[in-house]
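The structure under discussion appears below in the form of structure tokens.
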Amino acid sequence: MVALVHHSYGILALALAVGGCGRTATTKADCEPPCLEEQLPTAPPPVVAVGAIDDVEAAFKQAIARASPAVVSVYTTTTVSIGPFGGPMRRDPYLDFFFQFPDAQPREFQQQGLGSGFVVDQAGHILTNHHVVRGADEVKVKLADDREFDATVVGSDPQTDLAVLKIDASDLQPVEFGDSDSLEVGDWVLAIGDPFGLPQTISAGIVSAKGRANMGIVDYEDFIQTDAAVNPGNSGGPLVDLSGRVVGVNTAIASRSGGNNGIAFAIPATLAKQVISQLIDHGAVVRGQLGVLISELSAEMAASFGFEGEDGILVQDVVPGGPAEQAGLRSGDIITKLDGQPVTTVAAFRQDIADAQPDSTVELEIWRQGATTTLEAKLTEVQPAGGPASEAAREPAKVGVGLHDITPKLQQQLGLDAAEGVLIAQVQPGSPAAKAGLRPGDLLEQVGDDPVQNAAHAIRLLKAGDLERGIRVRVSRDGQGRFVLIKGK
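Numbering (the UniProt record's numbering), first residue to last: 1 to 489.
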């Protein structure tokens with residue numbers, strides 16, 4: 001009878017249970033099962049001090065008050081084309097060439113995007129994720145005090161999924177960065193952002209793990225894992241400690257549904273700070289490159305080589321003519337130390353090489369066929385995907401375009417009748433060029449009154465122009481030429 005009583009009637013159930021014992025149930029001997037006296041706990045539950053709870057709550061509130069004024073919402077607008085097969089795709093000159101149909105002109109529509117970010121200095125620089133602003137034609141930022149501003153993308157780094165925006169604003173409250181290296185598993189952290197368009201949303205959790213790598217999210221991974229709730233729209237927002245200092249940048253989640261599943265990943269503040277400074281100073285991140293294919297060294301693989309050391313990674317292959325080959329590194333070598341420090345993981349080794357500047361020399365201790373030797377390699381610069389970096393890609397012009405000379409092969413691929421001008425290969429989201437309507441795939445034929453000879457010549461002309469007055473350019477798109485005025489502050 002007790003089992004049939006609904007949960008909402010707990011008091012009645014207890015009364016029936018008491019009545020189930022004998023009319024004089026005062027001792028264990030007199031009590032028949034189920035007996036209330038036998039079900040009572042033998043020891044009182046632990047008591048949590050009210051003061052301890054108050055201390056945690058106070059720390060949460062203090063951290064939120066300190067960090068939340070710097071957190072912003074990032075809104076993007078991206079032009080997306082409906083292709084001949086009806087699917088949405090961004091404009092791509094290479095895809096356009098292979099999928100051109102005379103009677104099926106692509107239709108364009110504006111796609112809205114949402115993310116988070118946070119102010120990092122009084123100059124108006126804001127950190128967010130690269131994927132939040134990737135391909136955007138327009139970027140807007142809304143501050144915690146509800147002020148809204150147009151934002152320019154100063155620089156973006158797909159390899160770490162970080163981007164820096166800039167707004168022209170005063171009375172900003174930038175964040176303070178903490179030491180992500182000193183975080184420990186179990187530490188409390190707070191995620192602040194704009195999930196599902198709900199600004200200034202706070203969620204709490206702990207550091208679940210550190211050093212998560214080989215996730216396939218970005219090229220350089222050293223993620224902080226947390227169970228703080230992170231959802232679509234949180235990307236680019238801060239992960240803060242209980243002192244209100246930023247220890248990470250919320251970037252990705254592990255979820256089959258697309259929503260929070262208790263597993264989120266944040267870029268550590270230590271890495272973010274390195275990227276921020278380079279993006280602000282150069283518009284891009286300059287990284288060292290060794291030119292080697294490496295992998296983790298399993299115990300079985302080490303045994304097959306006869307290697308008995310504890311630390312090391314395996315060289316699978318070397319790039320012909322690259323720094324590694326020139327230094328004498330070979331396939332099958334085991335790298336045990338980098339500049340005197342033990343090499344423990346591929347991720348850490350790649351990050352250390354990337355952090356080194358091009359033209360710098362690193363010392364490699366390697367194990368080869370039972371002998372240990374030391375090699376010196378002079379690093380080169382990592383080139384972006386798609387070929388050598390143009391001057392504009394290494395040091396983006398204030399106009400916000402990346403240019404590429406038109407080679408005979410490229411001329412054939414794009415179906416160009418003549419190789420006059422240069423190809424606009426990149427347009428930085430939110431830049432003056434993007435706002436003027438320039439797109440990747442356009443041909444830049446003229447700057448001012450000067451015909452463009454090559455990419456280097458065009459860059460010099462653009463840099464010499466006056467953005468405040470406007471730089472007049474002539475571009476060709478789909479075989480039709482037009483003049484465009486590029487203006488900026």
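Every residue, glycine too, gets a C-beta built ideally from N, C-alpha and C.
Comparing alpha-carbon positions, which option in Gly430, Arg245 and Ala65 lies nearest aspartate 150?
Sorting Gly430, Arg245 and Ala65 by C-alpha distance to the C-alpha of aspartate 150 places Gly430 at the top.
Tell me which same chain residues have a C-beta within less than 8 Å of the C-beta of glutamate 148, skipping the five on either side of it?
Only Lys140, Val141 and Lys142 meet the Cβ criterion.
Determine the DSSP secondary structure at glutamate 381, reduced to helix, strand or coil.
Glutamate 381 carries a strand assignment under DSSP once its states are collapsed to helix, strand and coil.
So the alpha helix (DSSP H) alanine 144 belongs to, where does it begin and stop?
Where alanine 144 is concerned, there is no enclosing alpha helix (DSSP H), given that its DSSP letter is neither H nor E.
So leucine 438 and glycine 421 are in contact, right, with Cβ under 8 Å, and what is the actual spacing, rounded?
13 Å between Cβ atoms; not a contact.
For glycine 400 and glutamate 376, what's the separation of their Cα atoms in angstroms?
Rounded to the nearest angstrom, the two C-alpha atoms are 38 Å apart.
Use the C-beta contact count for alanine 259: other C-beta atoms within 10 angstroms, 16 or more gives buried, fewer gives exposed.
Note on identity: in this sequence residue 259 is glycine, with alanine being the wrong assignment. Exposed, by the Cβ-count rule.
Start and end residues, beta strand (DSSP E) containing phenylalanine 223:
223–226 is the extent of the beta strand (DSSP E) around phenylalanine 223.
Would you mind sorting valine 185 into buried or exposed? The rule is 16 or more other CB atoms within 10 Å of its CB.
Exposed, by the Cβ-count rule.
Tell me whether aspartate 281 sits in a helix, a strand or coil according to DSSP, three-state version.
Aspartate 281 falls in the helix class under three-state DSSP.
In or out: glycine 299 buried (at least 16 other Cβ within 10 Å) or exposed?
For clarity, residue 299 is alanine in the given sequence; the question names glycine instead. Exposed.
Can you give me the Cβ contacts of threonine 270 inside the same chain, cut-off strictly under 7 Å, excluding the 5 residues immediately before and after it?
Around threonine 270: Ser180 and Asp181.
Near residue 517, which residues of its chain fall below 6 Å by C-beta distance, leaving aside the five closest residues on each side in sequence?
Any question about residue 517 goes unanswered here, given that the chain covers just 1 to 489.
Going straight from the alpha carbon of tryptophan 367 to that of threonine 380, what length do you get?
Tryptophan 367 and threonine 380 have their C-alpha atoms roughly 24 Å apart.
Between the alpha carbons of isoleucine 276 and threonine 77, how many angstroms are there, rounded?
For isoleucine 276 and threonine 77, the distance between alpha carbons rounds to 24 Å.
Would you call glycine 211 buried or exposed, if buried means 16 or more other Cβ atoms sit within 10 Å of its Cβ?
Residue environment for glycine 211: exposed (fewer than 16 other C-beta atoms within 10 angstroms of its C-beta).
Is lysine 61 buried or exposed, if buried means 16 or more other CB atoms sit within 10 Å of its CB?
Classification for lysine 61: exposed.
Nearest by alpha-carbon distance to threonine 152: which of Ala209, Glu445, Ile459 and Pro432 is it?
Out of Ala209, Glu445, Ile459 and Pro432, the CA that lies nearest to the CA of threonine 152 is found in Pro432.
Taking DSSP as the reference, what is the three-state secondary structure of aspartate 219?
Correct three-state label for aspartate 219: coil.
With 16 as the cutoff for other CB atoms within 10 Å, does leucine 162 come out buried or exposed?
By the neighbour-count rule (16 or more Cβ atoms within 10 Å), leucine 162 is buried.
With which residues is aspartate 150 paired in a DSSP beta bridge?
Answer is Lys140.
Please report the Cβ distance between glutamate 310 and valine 318, rounded to the nearest whole angstrom; I am assuming they are in contact, meaning their Cβ atoms lie under 8 Å.
Glutamate 310 to valine 318, Cβ: 24 Å. No contact.
Mark serine 295 as exposed unless 16 or more other C-beta atoms lie within 10 angstroms of its C-beta, in which case mark it buried.
The C-beta of serine 295 has fewer than 16 other C-beta atoms within 10 Å across all chains shown, which makes the residue exposed.
Reducing DSSP to helix, strand and coil, say where glycine 270 ends up.
Per the sequence shown, residue 270 should be read as threonine rather than glycine. Assignment of threonine 270 by DSSP, reduced to helix, strand and coil, places it in the helix class.
Secondary structure at arginine 482, three-state DSSP: helix, strand or coil?
Arginine 482 falls in the strand class under three-state DSSP.
Where does glutamine 428 land, buried or exposed, given buried means 16+ other C-beta within 10 angstroms?
Buried, since its Cβ has 16 or more Cβ neighbours within 10 Å.
For proline 432, report the span of its alpha helix (DSSP H) as first-last.
Membership of proline 432 in the alpha helix (DSSP H) is indicated by the continuous run 432–435.
Find out if the Cβ-Cβ distance for the pair lysine 166, valine 175 is shorter than 8 Å.
Result no, Cβ atoms of lysine 166 and valine 175 do not sit closer than 8 Å.
Would you give the residue range spanned by the beta strand (DSSP E) that isoleucine 126 belongs to?
Per DSSP, the continuous beta strand (DSSP E) segment holding isoleucine 126 begins and ends at 125–128.
Tell me, please, which residues DSSP counts as bridged to asparagine 250.
As a beta-bridge residue in DSSP terms, asparagine 250 pairs with Ala266.
What are the partner residues of lysine 337, as DSSP defines its beta bridges?
Partner(s): Pro342 and Glu365.
Own chain residues within Cβ distance below 7 Å of glycine 370, not counting five before or after:
Taken in chain order, the residues that qualify are Gly306.
Per DSSP, what kind of secondary structure is isoleucine 167 in: helix, strand or coil?
Coil.
Please return the same chain residues whose Cβ sits closer than 7 Å to the Cβ of alanine 209, not counting the five positions on each side in sequence.
Closer than 7 Å at Cβ, skipping near neighbours: Val185 and Gln225.
What residues match up with phenylalanine 109 in a beta bridge as DSSP calls it?
Beta-bridge partners assigned by DSSP to phenylalanine 109: Val80.
Measuring alpha carbon to alpha carbon, tell me which residue in Ala458, Asp168, Asp222 and Leu239 is nearest valine 346.
The residue with the shortest Cα to Cα distance from valine 346 is Asp222.
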